[in-house]
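Here's the structure we're looking at; comments come further down.
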Amino acid sequence: MRSAHFLMALLTGAALAFSGGPSRAQEEAAALTVAVVKPTERQWPESVPTSGWLRPWHEAIIASETSGLRITDVLVDVGSVVKKGQTLVQLSQDSVLADLRKQEAAVKTAKANLANATADADRARQLRQSGALSDQSIVERLTTEETAKATLESEEAALESQKIKVEQTKIVAVDDGLITSRSAQLGAVVSSGTELFRLVRQQRVEWQAEVSARYLPRIKEGLRASIVGPSPGDKRVEGTVRLVGPTVSTDTGRAIVYVALAAEDHPPVGIYVTGQIDLQTTNALTVPETALVFRDGLNYLFAVNKDQRATRLRVETGRRNASEVEILSGIDQSTKVVKSGGAFLSDNALVRVEGEAQ
Numbered sequence: 001m002r003s004a005h006f007l008m009a010l011l012t013g014a015a016l017a018f019s020g021g022p023s024r025a026q027e028e029a030a031a032l033t034v035a036v037v038k039p040t041e042r043q044w045p046e047s048v049p050t051s052g053w054l055r056p057w058h059e060a061i062i063a064s065e066t067s068g069l070r071i072t073d074v075l076v077d078v079g080s081v082v083k084k085g086q087t088l089v090q091l092s093q094d095s096v097l098a099d100l101r102k103q104e105a106a107v108k109t110a111k112a113n114l115a116n117a118t119a120d121a122d123r124a125r126q127l128r129q130s131g132a133l134s135d136q137s138i139v140e141r142l143t144t145e146e147t148a149k150a151t152l153e154s155e156e157a158a159l160e161s162q163k164i165k166v167e168q169t170k171i172v173a174v175d176d177g178l179i180t181s182r183s184a185q186l187g188a189v190v191s192s193g194t195e196l197f198r199l200v201r202q203q204r205v206e207w208q209a210e211v212s213a214r215y216l217p218r219i220k221e222g223l224r225a226s227i228v229g230p231s232p233g234d235k236r237v238e239g240t241v242r243l244v245g246p247t248v249s250t251d252t253g254r255a256i257v258y259v260a261l262a263a264e265d266h267p268p269v270g271i272y273v274t275g276q277i278d279l280q281t282t283n284a285l286t287v288p289e290t291a292l293v294f295r296d297g298l299n300y301l302f303a304v305n306k307d308q309r310a311t312r313l314r315v316e317t318g319r320r321n322a323s324e325v326e327i328l329s330g331i332d333q334s335t336k337v338v339k340s341g342g343a344f345l346s347d348n349a350l351v352r353v354e355g356e357a358q
């Protein structure tokens with residue numbers, strides 16, 4: 001009896017020793033059905049992700065050119081869209097108009113004096129040959145005429161200056177644009193150079209993107225760029241590179257790239273946004289994003305070999321576009337990649353392929 005038990009145990013151990021695990025039939029019964037795709041060659045633009053502030057393209061400061069006058073009317077406020085030459089502030093004109101009338105009278109007086117001097121000089125020129133007037137008297141009359149002419153020119157120049165002062169009582173917009181700051185207050189007495197408004201010229205806003213210095217040799221004027229609005233759901237705003245900053249910050253190793261944005265979008269000034277600059281179009285070997293398996297901080301794909309087994313491949317990813325991702329290394333264009341469900345597979349697992357490789 002004891003010999004029979006020993007023989008049974010021996011046979012059982014031998015069976016286990018020679019057993020290589022589940023049979024092929026068992027593996028096929030347990031195999032997952034997967035869809036496979038082949039990597040696709042795409043033409044994708046290479047882009048530099050970056051961020052930066054939205055700033056005015058050009059900001060104009062509107063100030064008073066005259067002194068000692070009181071503000072009698074403020075015609076615009078922050079947020080007003082204005083046209084070049086539009087009146088923004090009216091200053092008191094009483095004293096300036098009085099000075100204008102006084103100067104107009106001075107011009108009339110100078111013209112009358114010149115008329116008298118010219119008449120005397122003409123008589124002196126007519127009598128020069130007759131000897132009725134001395135040479136000294138003739139010279140005096142001619143000199144008086146020239147002096148009267150110079151006096152008239154001086155008074156006329158002063159009149160033009162006074163007219164300019166009258167025009168300066170109307171403070172106007174220096175360009176089309178958007179008022180972003182106002183310090184003009186009704187009743188205030190202004191001084192020359194007093195800032196009254198700030199204006200974003202032509203309502204043009206630009207993105208001052210901070211870019212790593214290593215990308216600078218590849219960034220040129222005219223390249224396309226885009227930003228994503230500061231709030232969720234905001235639309236993408238397109239632009240073009242206007243200028244590449246000539247210096248690199250010694251603190252950050254970054255340079256400023258100035259991106260002109262479409263004027264009709266009117267993004268708000270003073271907001272920090274993210275976006276990208278498109279460098280050039282290059283080839284990209286892509287697979288569906290669902291094919292990626294992320295484990296232990298690394299990216300993997302599962303490829304199906306000729307034995308219908310799934311092989312786990314470590315890959316390096318690059319750009320992403322919609323539902324596709326660029327694969328930089330680890331596969332080639334002939335690799336049959338498991339399209340989705342790789343998280344349920346193990347390395348060297350037997351699989352059933354659904355349909356043909358795409």
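FYI, in my numbering the residues of the sequence shown are 1 to 358.
Here a beta-carbon is modelled for each residue, glycine too, at the ideal position from N, C-alpha and C.
Handout entry: For Q128, the residue or residues it bridges with in DSSP
Key = A small correction: the amino acid at residue 128 is Arg; Gln does not occupy that position in the sequence shown. In DSSP, R128 forms no bridge with anything.
Problem - For D73, three-class secondary structure by DSSP - result: strand
Exercise for the section: Tell me whether V287 sits in a helix, a strand or coil according to DSSP, three-state version. Expected result: strand
Exercise for the section: Just tell me which of V189, S181, Q103 and G187 has its CA closest to the CA of S161. Expected result: Q103
Problem - Whole-angstrom C-beta distance between P39 and I331, which should lie under 8 angstroms - result: 6 angstroms
Problem - Beta-carbon spacing of T194, G222 below 7 angstroms - result: no
Practice task
Give the C-beta separation of L32 and P267 to the nearest angstrom, bearing in mind that I take them to be a contact with Cβ-Cβ under 8 angstroms.
Solution key: About 49 angstroms; that fails the 8 angstroms criterion.
Exercise for the section: Using beta-carbon positions only, say whether T180 and V200 come within less than 7 angstroms of one another. Expected result: yes
Practice task
With DSSP collapsed to three states, give me the class of F18.
Solution key: For F18, the predicted structure reports a pLDDT of 43, less than 50, and the residue's modelled location is therefore unreliable. The matter cannot be settled from this model.
Problem - Close Cβ partners of L328 (< 6 angstroms) along its chain, the five nearest in sequence each way excluded - result: E316 and G318
Practice task
Can you give me the Cβ contacts of R374 inside the same chain, cut-off strictly under 8 angstroms, excluding the 5 residues immediately before and after it?
Solution key: The structure shown does not extend to residue 374, since the chain is modelled only from 1 to 358, so the question has no answer here.
Problem - Per-residue burial, E155 [other beta carbons within 10 Å of its own, 16 or more giving buried] - result: buried
Problem - Limits of the alpha helix (DSSP H) - the one that I164 falls within - result: D135 to E167
Exercise for the section: Could you tell me which residues DSSP pairs with Y272 in its beta bridges? Expected result: W53
Exercise for the section: Take I277 as the anchor and find which of A263, R309, S249 and K220 has the nearest alpha-carbon. Expected result: K220
Problem - For I171: DSSP bridge partner residues - result: V89
Practice task
Please classify F6: does DSSP put it in a helix, a strand, or coil?
Solution key: Any reading at F6 must be qualified, since the residue scores a pLDDT of 39, below 50, and its modelled position is unreliable; no value is offered.
Problem - Cβ neighbour criterion (16 or more within 10 Å) applied to L345 - result: buried
Problem - Cβ shell of L127 (< 7 angstroms), same chain only, five flanking positions each side left out - result: L133
Handout entry: Rounded C-alpha distance that separates W57 from K83
Key = 17 angstroms
Handout entry: Residue span of the beta strand (DSSP E) that contains N321, given as start and end
Key = R309 to N321
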